[in-house]
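Accompanying notes for the structure given below.
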Amino acid sequence: MNCDQRRAQLADFLKTRRLALQPEEVGLPSRASRRTPGLRREDVADLAGISACWYTRLEQARNIRVSDQVLNSLAEALRLSADERDYLLALANSDARSSASVPADGVSPALQRILDSQHPHPAFVLGPRFNILAWNQARTDVYGDLIKIPPEHRHMLWLFFGGYMHELIQNWEPSARSILAKFRAATGLYVHEPWFTTLVGELSQSSQEFRNWWQQHEIERHHATAREVRHPFVGRMVLEESALIVDDCSDRRIILEIPQPGTGTENKLTALSCRPHRVQTAPWSALRRPASMERRNNNHY
Numbered sequence: 001m002n003c004d005q006r007r008a009q010l011a012d013f014l015k016t017r018r019l020a021l022q023p024e025e026v027g028l029p030s031r032a033s034r035r036t037p038g039l040r041r042e043d044v045a046d047l048a049g050i051s052a053c054w055y056t057r058l059e060q061a062r063n064i065r066v067s068d069q070v071l072n073s074l075a076e077a078l079r080l081s082a083d084e085r086d087y088l089l090a091l092a093n094s095d096a097r098s099s100a101s102v103p104a105d106g107v108s109p110a111l112q113r114i115l116d117s118q119h120p121h122p123a124f125v126l127g128p129r130f131n132i133l134a135w136n137q138a139r140t141d142v143y144g145d146l147i148k149i150p151p152e153h154r155h156m157l158w159l160f161f162g163g164y165m166h167e168l169i170q171n172w173e174p175s176a177r178s179i180l181a182k183f184r185a186a187t188g189l190y191v192h193e194p195w196f197t198t199l200v201g202e203l204s205q206s207s208q209e210f211r212n213w214w215q216q217h218e219i220e221r222h223h224a225t226a227r228e229v230r231h232p233f234v235g236r237m238v239l240e241e242s243a244l245i246v247d248d249c250s251d252r253r254i255i256l257e258i259p260q261p262g263t264g265t266e267n268k269l270t271a272l273s274c275r276p277h278r279v280q281t282a283p284w285s286a287l288r289r290p291a292s293m294e295r296r297n298n299n300h301y
């Protein structure tokens, strides 16, 4: 297990949250002569009831053990949300799960039938690494046929930051940032894994937005997302996304996209489902496929 990467992520997360807080937000007097934004390391240490030297070693990614009690104290000091607190605990977990514990790709016939029963609403199964494992015809009608994308790129981050979603989603930036924050919240246990570092490295090279937002370390787990789709055949649709956890200890989830009332989306989904030869005329088949989406590699996310 590569603990160096985990400690580096922990250090970076603490630093970003420390610099995002102002002294007056935590009950400290403001300092007109401050040279750097946010709190000082000494401020965080005082608020958490730990030594400044010890906290500094944490931000320096030193090899030290941290108890849950101390981590919870740091979460309080840094005013972390519940999702951010969970992420902090996951990063500091020295007994984190490995790739060996991730279930194999694919879903059972029963789970596929659940997806198909959502017709004409898009639905798909998301794996613990945020790769798409299965989907229904309605998702193909709206977003295109994933069969035409290499398996290693059937991943939510590749779909959003690899190119074509940028043209298909009207509110792309908030949608992409939300997906990125959810990915980070859900994968704190895997930051030491080769697939994780490969994915982040490739996306950092191919997308400036990804590179900039990744450094901000945003965390989000439970948030209802309304996505505006600019469909080439039926026009604007608004879909609200919800996640259902699959109760089989696999960390997989079913993602449902339900039409937002009053937008005419329900009728448009029904119209799409009645089109002949739907798969052959996938809505994004004519959209630009960036070079990054054409590149294949042997790392399956």
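Each residue of the sequence shown is one higher than the one before, starting from 1 at the first, in our numbering. Even for Gly, the Cβ is constructed at its ideal location relative to N, Cα and C.
In the structure shown, Asn131 adopts extended strand secondary structure according to DSSP, grouped into three states.
Shortest Cα-Cα distance from Ala226 to any of Val26, Pro232 and Leu256 involves Leu256.
Just measuring C-alpha positions, the residue of Asn212, Asn93, Thr140 and Tyr55 sitting nearest Leu180 is Asn212.
DSSP places His231 in the uninterrupted beta strand (DSSP E) bounded by Thr225 to His231. Annotation: the continuous alpha helix (DSSP H) that includes Pro109 extends over Pro109 to Asp116. The three-state reading of DSSP puts Ala8 in helix, counting H, G and I together. By the 16-neighbour rule on beta-carbons within 10 angstroms, Asn136 is buried.
Between Phe210 and Leu203, the CB-CB gap stays under 8 Å.
If you draw a straight line from the Cα of Val191 to the Cα of Arg252, it is about 18 Å long. Setting aside the 5 residues that flank it on each side, Gln9 is surrounded in the same chain by Leu91 and Val191, each with a C-beta closer than 6 Å to its C-beta; the list follows chain order. Contact between Pro120 and Leu269 is confirmed by a C-beta separation of about 4 Å, below the 8 Å threshold.
Leu239 is bridged by DSSP to Arg227 and Pro259. The Cβ-Cβ distance between Ser273 and Ile258 does not fall below 8 Å. By the neighbour-count criterion, in which 16 or more other beta carbons inside 10 Å mark a residue as buried, Leu126 falls on the buried side. Here Pro23 really is in contact with Asp43; their C-beta atoms are around 7 Å apart, less than 8 Å. In this chain, Val66 is not harboured by any alpha helix (DSSP H), its DSSP state being neither H nor E.
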